[in-house]
Ligand code: GDP
């Protein structure tokens, strides 16, 4: 029988499978059953299973090439430095070296690759062969310069992005050929995609006997990174960082990709850039590595960065050599900044120290007035933006308890996309919600959804700080319903807890008929009779409900302030011990 080829995605429902081959679903289900797979019409089967059915019906199945569709609109922030470059005189913009960052799963070889590229291509003679790490370095390939940010890891990348300062033009995604696509690989892809930064894949460890490049390429295709040799858009370069093989090919790929991008700056324009890293040195004061993104930074310049400023006393390149000026895309270590600025912060050169102080005073004042633009991301806010036509995409990050739930939930969420408004699941992974998920959400202005998972304390704190909404569910349809409601603008406002005060139980009185009364001292804020209250013992919440009576020296009162004693009884709860903590709070519907 002559076989016709037919394309399938990596997962397909039985219904679709039948439709594509113009077969009846019953026929497909029967074939599946005869191969030991019990599936109903709405169930999904993987590519291999679909291929078996196809072959029985006289088709040869091939994996559908995943289109690298760019989401309708950039959900992330436009980095401030890009906005600044946009305001430069276009005719003065010239090409600058591309800035590259390396991401990938732990142990896949990021550090080894960075070191290999550095050693093979950097003329380190001038500094007596001493290689110092300042967070970035530059190499030359075929007469062209490339800047590498050498603090591998997503934390640095996403911290920079969360501040709207993403500095990289290209991401090299390191994937070990013996290990394949792993959770952090997917996370890195999500980061790069959300930031609209093109990805080059370094298929590392090809020297290993158990390397399986084809398998990994297929995995990459499933993530939307289809290798160019398979007619996709992603350059996949086999390398061995350990044996220093394929390094030139990687650099070649970087130059190739950068040619298709708009990597420009005005070396004579306003001087600004991004902080790569900074720390305090006991002898020399604050040492910061800056990436110049426009203009030419010079010693003696006054820079302002975040809420600090300083006059640049000295500058060193990545070889430790003293330099007097630095062009766009140059990483430079500087001395002279007042306080340690956070990584990702934008720096700018200002004409004088007097001006710097003026700007800082203004910044401090506007911060006090709360004028700082909030980046709070709540479903309600996003919906307002939908209606105002500002965004047409709802970016979501999903964490679930088991792998088997990922695909069905993502599919159900995607099905909610309606017309102009698209659901964009940026990242879906198993595991609890961690700080790095919140970082990704902050950087992409996404909503974090959890299904049967929890968010650890560090993640909650960061979410609060960054204004990220975390929504946890343990019933799938509730989650889907919520998102649907958000899209339709019917969502109940999110609530948040506002603390009113805390009190400690100093003595316990058991009074028959009345129950247990806690003799307390108000530690912070006040206790309000009509606010909600919870009782904590060694950090564990034992009661969460209402106050049934609040007394101050025998009188019923509405509130008792900090420092005062009072008697509290809890509605329907008597198990109170000396030392227990009471937390009084109200629930507010957030705007
Ligand atoms: P990172 O966590 O991604 O920075 O990974 P590392 O660069 O620290 O590498 C992890 C381990 O993989 C180290 O033991 C390296 O020596 C090893 N490794 C890195 N690249 C290669 C390679 O190309 N081939 C082999 N066989 N091992 C490698």
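Numbering (our numbering), first residue to last: 97 to 687.
Cβ coordinates follow ideal geometry from the N, Cα and C atoms, glycine included.
Spatial neighbours of residue i in its chain, beta-carbon cut-off 8 Å, leaving aside the 5 residues before and after
| i | result |
| --- | --- |
| residue 128 | 110, 134, 135, 141, 145, 149 |
| residue 684 | 591, 592, 593, 594 |
| residue 598 | 618, 619, 620, 621, 677, 678, 679, 680 |
Three-state secondary structure assigned by DSSP to residue i
| i | result |
| --- | --- |
| residue 502 | helix |
| residue 612 | strand |
| residue 145 | helix |
| residue 309 | helix |
| residue 303 | coil |
| residue 417 | coil |
| residue 334 | strand |
| residue 150 | helix |
| residue 606 | strand |
| residue 237 | strand |
| residue 121 | helix |
| residue 670 | coil |
| residue 194 | coil |
| residue 110 | helix |
| residue 126 | helix |
| residue 701 | The question about residue 701 has no answer here: the residues shown for the chain are numbered 97 through 687. |
| residue 204 | coil |
| residue 180 | helix |
| residue 281 | helix |
| residue 344 | helix |
| residue 215 | helix |
Residue environment, residue i, which counts as buried when at least 16 other CB atoms sit within 10 Å
| i | result |
| --- | --- |
| residue 209 | buried |
| residue 688 | With the chain covering 97 to 687 only, the question about residue 688 has no answer from this structure. |
| residue 233 | buried |
| residue 215 | exposed |
| residue 507 | exposed |
| residue 623 | buried |
| residue 659 | exposed |
| residue 169 | Reliability fails at residue 169, whose pLDDT of 38 lies under 50, so the model's placement of it is uncertain and the value that follows must be treated cautiously. Residue 169 should be labelled exposed. |
| residue 583 | buried |
| residue 390 | buried |
| residue 231 | buried |
| residue 631 | buried |
| residue 311 | exposed |
| residue 678 | buried |
| residue 415 | buried |
| residue 671 | exposed |
C-beta contact flag for residue i and residue j at 8 Å
| i | j | result |
| --- | --- | --- |
| residue 521 | residue 544 | no |
| residue 615 | residue 603 | yes |
| residue 272 | residue 245 | no |
| residue 349 | residue 296 | yes |
| residue 405 | residue 434 | yes |
| residue 402 | residue 438 | yes |
| residue 399 | residue 426 | no |
| residue 196 | residue 247 | no |
| residue 408 | residue 430 | yes |
| residue 502 | residue 524 | yes |
| residue 367 | residue 445 | yes |
| residue 268 | residue 235 | no |
Cβ of residue i within 8 Å of any chain B Cβ
| i | result |
| --- | --- |
| residue 499 | As a matter of chain content, chain B is missing from the structure shown, which is built from one protein chain. |
Proximal residues to residue i (C-beta, below 7 Å), its chain only, five neighbours per side dropped
| i | result |
| --- | --- |
| residue 160 | 103, 104, 105 |
| residue 117 | 102, 150, 153, 155 |
| residue 681 | 593, 594, 595, 596, 627, 628 |
| residue 657 | 618, 622 |
| residue 278 | 201 |
| residue 121 | 110, 111, 114, 137 |
| residue 108 | 140, 141, 146 |
| residue 241 | 193, 234 |
6 Å Cβ shell around residue i - same chain, five flanking residues per side excluded
| i | result |
| --- | --- |
| residue 519 | 490, 509, 510, 512, 513 |
| residue 625 | 643, 646, 654 |
| residue 571 | none |
| residue 567 | 545 |
| residue 302 | 273, 334, 336 |
| residue 354 | 194 |
| residue 167 | Reliability fails at residue 167, whose pLDDT of 37 lies under 50, so the model's placement of it is uncertain and the value that follows must be treated cautiously. The answer, listed in chain order, is 489, 520. |
| residue 661 | 617 |
Contact the stretch 410 to 421 vs the stretch 369 to 379: 3+ CB pairs below 8 Å: no
Segment contact, 8 Å Cβ cut-off, at least three pairs: the stretch 541 to 557 with the stretch 644 to 661: no
Segment contact, 8 Å Cβ cut-off, at least three pairs: the stretch 314 to 324 with the stretch 193 to 205: no
Cβ contact check for the stretch 393 to 412 and the stretch 335 to 345: 3 or more pairs under 8 Å: no
Meets three-Cβ-pair contact criterion under 8 Å: the stretch 494 to 509 and the stretch 522 to 531: yes
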